[in-house]
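Trainee: I'd like to ask some things about the structure below.
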Amino acid sequence: VPRAAVIGAVGTIAKAYVSLLNTTTVHNADALHRLVSSRPPGTPLLTVSNHMSTIDDPFMWGFKGFPITDSKLARWVLTAEDICFRNVFMSYMFRLGKCVPITRGAGIYQDHMNEALEVLSTGGWLHSFPEGKVAQDHQPIRRLKWGTASLIVRAPVTPIVLPIVHTGFEKVMPEKSFFGRRPPLPLCGKEIKIIVGEPVDFDLPGLKQVAAMIPQDTSFERKGWPTITPEGLDEAAQRWLYQKMSDKIQSAMESLRKTLLNLKQH
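Be aware that the sequence shown starts at 1, since it is given in full-length UniProt numbering, and climbs by one per residue.
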């Protein structure tokens with residue numbers, strides 16, 4: 001009941017801002033809606049997007065027709081522990097809001113990543129901002145952190161990976177507009193555009209096979225990563241695999257970003 005109340009209230013606010021107080025256009029929304037509400041049972045969904053503001057989530061789910069207020073369908077999302085989990089009250093509220101804390105700099109095998117993995121293991125929907133930080137300068141998609149790729153590899157059932165790119169939230173919640181700081185409340189009258197891509201496919205068995213043949217590289221600093229079983233991928237193999245997969249996701253997101261730019265110009 002508390003979770004339903006929090007997600008219902010926050011979802012209502014997000015829907016008001018995105019659907020009523022700002023102008024929002026969503027391309028290929030049906031693909032997202034279909035995968036959220038009626039994907040095959042037991043199949044996890046992993047959505048990835050660029051990160052333009054501190055309100056991207058939950059606002060990006062507030063467009064017309066999307067079931068943002070349904071606590072059962074709502075996403076789990078990776079969130080920065082130092083921002084969203086500062087005290088007991090905030091931790092409680094963000095936990096109710098289906099947020100998984102991630103400790104910056106603690107690596108891709110930190111305990112919290114196991115919580116995220118549990119979401120995927122039970123066929124849930126997890127959202128990630130793989131760039132790892134907010135950037136409002138409209139540059140190409142940045143090099144992705146490897147945590148997202150590691151979750152895809154470690155999930156018992158390979159998740160459907162759906163890329164999403166948006167623009168406009170950096171105007172709704174600019175980082176430096178109100179005496180050099182964020183405004184106290186999100187702004188209105190802005191234009192938001194969201195584009196949902198198609199699932200990114202990975203030939204995981206093939207990729208793992210190639211990764212297993214990667215020779216040991218003694219030039220990088222070892223972090224003591226666990227060997228991934230049953231393939232027995234060592235640290236060098238994991239690095240190759242995660243980079244390859246991250247590059248593919250980044251390429252799909254960059255393609256969407258360019259499509260969105262072209263749509264804005266017409």
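Heads up, the beta-carbon is just placed ideally off N, CA and C, and yes, glycines get one too.
1. Would you call the CB atoms of leucine 32 and leucine 241 closer than 8 Å?
2. Decide yes or no for the touch test of the stretch 150-157 against the stretch 182-197: beta carbon pairs closer than 8 Å, at least 3 of them.
3. Just list the beta strand (DSSP E) runs in the UniProt domain "Phospholipid/glycerol acyltransferase" (45-169), keeping only unbroken ones of 3 residues or longer that don't cross its boundaries, in chain order.
4. Can you tell me which of the three DSSP states leucine 231 falls into?
5. So, helix, strand or coil for isoleucine 192, using DSSP?
6. Between the stretch 90-106 and the stretch 204-223, do three or more beta carbon pairs fall short of 8 Å?
7. On the CB-based measure, 16 or more other CB atoms within 10 Å of its CB, does alanine 106 come out buried or exposed?
8. Output needed for glutamate 221: all residues of its chain with C-beta closer than 8 Å, excluding positions within five of it in sequence on either side, in chain order.
9. Output needed for isoleucine 102: all residues of its chain with C-beta closer than 7 Å, excluding positions within five of it in sequence on either side, in chain order.
10. Rounded to the nearest angstrom, what separates valine 100 and leucine 117 at their Cα positions?
11. Can you say whether leucine 263 is buried or exposed, counting buried as having 16 or more other CB atoms within 10 angstroms of its CB?
12. How should alanine 14 be labelled, buried or exposed, when 16 other C-beta atoms within 10 angstroms of its C-beta is the threshold for buried?
13. My understanding is that arginine 257 touches proline 140, with C-beta atoms under 8 Å, so please give their C-beta distance in whole angstroms.
14. Let me make sure I understand the geometry here. Which of Pro44, Leu21, Glu254, Ser38 has the alpha-carbon closest to that of isoleucine 164?
15. Considering valine 1, what are the terminal residues of the beta strand (DSSP E) in which it resides?
16. Would you mind giving the Cβ-Cβ distance between valine 48 and isoleucine 249, rounded to the nearest angstrom? I have them listed as a contact below 8 Å.
Mentor: So, from the data block:
1. Counting from one through the sequence shown, the residue named residue 32 turns up at place 32. Counting from one through the sequence shown, the residue named residue 241 turns up at place 241. Taking 8 Å as the Cβ cut-off, leucine 32 and leucine 241 do not qualify as a contacting pair.
2. no
3. 45-49, 76-80, 99-102, 125-128, 160-167
4. For the purposes of this step, residue 231 is identified with residue 231 of the sequence shown, where counting begins at 1. Looking at the sequence shown, residue 231 is not leucine but glutamate. Three-state DSSP puts glutamate 231 in coil, outside helix and strand.
5. The residue given as residue 192 occupies position 192 in the sequence shown. Note: isoleucine 192 maps to strand in three-state DSSP.
6. no
7. What you label residue 106 is simply residue 106 of the sequence shown in a count that begins at 1. Exposed is the call here.
8. In the sequence shown, counting from the first residue as 1, residue 221 sits at position 221. Once the five neighbours on either side are set aside, glutamate 221 has no close Cβ partner at all.
9. Mapped onto the sequence shown, residue 102 falls at position 102. Result list for isoleucine 102: Leu78, Thr79, Ala80, Glu81, His112, in chain order.
10. Counting from 1 along the sequence shown, the entry for residue 100 is found at position 100. Counting from 1 along the sequence shown, the entry for residue 117 is found at position 117. So the two alpha carbons sit approximately 10 Å from each other.
11. As a working mapping, residue 263 is identified with position 263 in the sequence shown. Per the 10 Å Cβ criterion, exposed.
12. Within the sequence shown, numbered from 1, the residue matching residue 14 stands at position 14. With 16 or more other Cβ atoms within 10 Å, it is buried.
13. One-based indexing of the sequence shown puts residue 257 at position 257. One-based indexing of the sequence shown puts residue 140 at position 140. At roughly 7 Å, the Cβ-Cβ gap stays under 8 Å, so arginine 257 and proline 140 are in contact.
14. Along the sequence shown, read from residue 1 onward, the residue named residue 164 stands at position 164. For isoleucine 164, the nearest C-alpha among the options comes from Glu254.
15. Looking up residue 1 in the sequence shown gives position 1. First-last for valine 1: undefined, no H or E at that position.
16. Mapped onto the sequence shown, residue 48 falls at position 48. Mapped onto the sequence shown, residue 249 falls at position 249. About 6 Å separates the two Cβ atoms, so the contact holds.
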